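This report refers to the structure that appears directly beneath it.
Protein chains: 2
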Amino acid sequence: MDIFFLGTGAGMPAKLRNVTSIALKLLEERGAVWLFDAGEATQHQILHTTIKPRRIEKIFITHLHGDHIYGLPGLLASRSFQGGESEVTVYGPKGIKEFLQVSLSISQTYLKYPLKIIEIEEGLVFEDEQFSVEVRLLDHGVPSFGYRIAEKDRPGTLLVDKLIAAGVRPGPVFKKIKNGEAVTLEDGRVLNAGEFVGPPQKGRVVTILGDTRYCENAILLAKEADLLIHEATFSKGEEKLAFDYFHSTTFQAAEVAKQAGCKQLCLTHISSRYDKAAWLKLVAEAREIFSNTEIAEDFKEITIPYK
Amino acid sequence: MDIFFLGTGAGMPAKLRNVTSIALKLLEERGAVWLFDAGEATQHQILHTTIKPRRIEKIFITHLHGDHIYGLPGLLASRSFQGGESEVTVYGPKGIKEFLQVSLSISQTYLKYPLKIIEIEEGLVFEDEQFSVEVRLLDHGVPSFGYRIAEKDRPGTLLVDKLIAAGVRPGPVFKKIKNGEAVTLEDGRVLNAGEFVGPPQKGRVVTILGDTRYCENAILLAKEADLLIHEATFSKGEEKLAFDYFHSTTFQAAEVAKQAGCKQLCLTHISSRYDKAAWLKLVAEAREIFSNTEIAEDFKEITIPYK
Ligand SMILES: [Zn+2]
Ligand SMILES: [Zn+2]
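Chains as they are written, first to last, in full-length UniProt numbering: chain A, 1 to 307; chain B, 1 to 307.
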């Protein structure tokens, strides 16, 4: 489970930061990549990574501003050209369907895979045995969603060495123990599953927010997240400007991480008004409030370890 | 009058060639840049050039395939962010208006300059005292236009030295001569305007074609052009493939330039199946038929000199 930043800028592409797109790599977990937003030239950024477009299973759009969606039609079209055949589901605010349908049909783009488009409202937008994805509205002038991606707890691993030491050979008994069943061996001994299975592995939580002012729903979505990705379009002290443009400052992003009891914070959506030298200052501002803070850069990867 | 290639690839962005966009720089002529097509990330390419988005006056779209239009909404939006205030006119096939209107309105993009969208048919699509732009349909499965941009002849320059040698001082007489009027001087001499003005400067012609099979209208549009920009998606010998996919080979592009009596040919829309080493072969194939041939590369510039 890794976060890979494809675009970390605000509003417009700049030389050092493309417009927004974030990949959540779930390669070990499900052989898949989930994208969050797809600003223009997201597919160009992907060209310079090891991400395979055919691995993209889901694309979650936070809001419909151009710097978050204009790369979507081209990405979907190229995935088809490149032989992607598995279904893709796009989640996003009302309007995403019309945008995609018009873009694809006017350009006479016929995808060779099924495309599902789901216009979302607050609540649970996806759940299976591995993950749940919950969304809430943020505060950005247009409907902008935050996503809380929660991995489910996984049963502990089988303590193979301990079983073998107890004289059990690999086979059906292993399976029963793994399923949590008590097993009576031929010699009459009863094996208690709990003793031969490690502790359950706690699921990890990543929260990825769309553009927003400082708001309560951000804190709820980020509750005890292992990683919170929060926009920081402005530096500390620019709270008035941030409010007027429906954005956040470094300080406000850090405040959300602190209130929510997150493990780690990564700032993104950095305005091109801040040059490379200023990035250190931005991250230092946030660290005054929340020490475990990083600042995103295009092509930066963050691994989210098991707890 | 210079051609600047922003994207020269086919179908999908590749590392060495972005999808199609060609700038016609008319900086001396009218302080403007005209774009032909705007594939995804055209604005990103522009970031690495001296082209100022606010100078873009007209955008001509050849056809609606995604690799020729997906960069248009972002380019128009960023031009506004960057303070562009002068009108932009977009010319293109029927459908371009809906694509732009839906893309801009769903993303709530409000341009700070007037945007005019003209859905074109065959004929003259633009004319003023400097230039005319004529279009014809090519052969590409979907409506694909070719553009013939013709500069008007300009009156010759005033032969200032010769006038001064004849004893005339700069002033109203100079102006009359420049306007082609005969002038009677105070001493009774009559100056014939024709003798004091150089020969008229012949207007230049550039022909920029959309994707197409080899076709008659391409030859008509390219008639005696100073520069023909023709797609060459496939190499010589792949005529069957080119026909099936509504494209041209290097050989066919050269044949058009030859039939039309062009001065120069530049091949573009090069498939990523051809690596850098193969480009030389492609251009060599065309030169067998039409010697003054070049192959486009991203960021290559071709100046079109006066005749
Ligand atoms: Zn944004
Ligand atoms: Zn094309």
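Where a beta carbon is used, it is the ideal one built from N, C-alpha and C, also for glycine.
Since this is a predicted model, take the numbers as computed values, not measurements.
Residues that residue i bridges to, as DSSP identifies them
| i | result |
| --- | --- |
| His-230 of chain A | A:Leu-267 |
| Val-19 of chain B | BP columns for Val-19 of chain B are empty, so no partner. |
| Val-183 of chain A | A:Leu-191 |
| Leu-35 of chain B | B:Ala-23 and B:Ile-59 |
| Ile-295 of chain B | B:Leu-267 |
| Arg-154 of chain A | A:Gln-201 |
Alpha helix (DSSP H) segment containing residue i, residue limits
| i | result |
| --- | --- |
| Arg-30 of chain A | 27-30 |
| Ile-51 of chain B | Element bounds for Ile-51 of chain B: n/a, residue is neither H nor E. |
| Ala-257 of chain A | 250-260 |
| Ser-132 of chain B | Premise fails: Ser-132 of chain B lies in the beta strand (DSSP E), 131-137, not in any alpha helix (DSSP H). |
| Gly-123 of chain B | Gly-123 of chain B -> not in any alpha helix (DSSP H); beta strand (DSSP E) instead, spanning 123-127. |
| Ile-164 of chain A | 160-165 |
| Glu-285 of chain A | 276-289 |
| Ser-80 of chain B | 72-81 |
| Val-173 of chain A | 172-178 |
| Gln-101 of chain A | 96-106 |
| His-68 of chain B | 66-69 |
| Leu-241 of chain A | 239-244 |
Whole-angstrom C-beta distance between residue j and residue i, which should lie under 8 Å
| i | j | result |
| --- | --- | --- |
| Leu-224 of chain B | Val-206 of chain B | As written in the sequence, residue 224 of chain B is Glu, which differs from the Leu given in the question. Going by Cβ atoms, the distance from Glu-224 of chain B to Val-206 of chain B rounds to 12 Å, so no, they are not a contact pair. |
| Val-142 of chain A | His-65 of chain A | 7 Å |
| Gly-71 of chain A | Ser-21 of chain A | 7 Å |
| Ile-270 of chain B | Trp-279 of chain B | 7 Å |
| Glu-301 of chain A | Phe-4 of chain A | 5 Å |
| Gly-39 of chain A | His-68 of chain A | 6 Å |
| Gln-130 of chain A | Glu-29 of chain A | 6 Å |
Residue i: first and last residue of the uninterrupted beta strand (DSSP E) it sits in
| i | result |
| --- | --- |
| Phe-5 of chain B | 2-7 |
| residue 308 of chain B | Nothing in the structure corresponds to residue 308 of chain B, since chain B is present only between 1 and 307. |
| Leu-209 of chain B | 205-209 |
| Lys-116 of chain A | 115-119 |
| Val-90 of chain A | 88-92 |
| Ala-150 of chain B | 145-151 |
| Phe-60 of chain B | 56-60 |
| Glu-301 of chain B | 301-303 |
Min CB distance residue i to chain E below 7 Å
| i | result |
| --- | --- |
| His-140 of chain B | As a matter of chain content, chain E is missing from the structure shown, whose protein chains are A and B. |
Residue i CB to nearest heavy atom of ligand 1 below 6 Å
| i | result |
| --- | --- |
| Asp-211 of chain A | yes |
| His-65 of chain A | yes |
### Query
Is the segment 106-120 of chain B in contact with the segment 26-45 of chain B, if contact means three or more CB pairs nearer than 8 Å?
no
### Task
Spell out a yes or no on whether the segment 142-158 of chain A and the segment 219-238 of chain A are touching, meaning 3 or more CB-CB pairs, one atom from each, closer than 8 Å.
yes
#### Entry: Validate contact between the segment 182-202 of chain B and the segment 230-249 of chain B using beta carbons, cut 8 Å, 3 pairs
no
### Message
Within 8 Å, do at least three Cβ pairs link the segment 54-64 of chain A to the segment 93-104 of chain A?
### Response
yes
### Task
Check whether the segment 51-61 of chain B touches the segment 78-90 of chain B, counting contact only when three or more Cβ pairs, one atom from each stretch, lie closer than 8 Å.
yes
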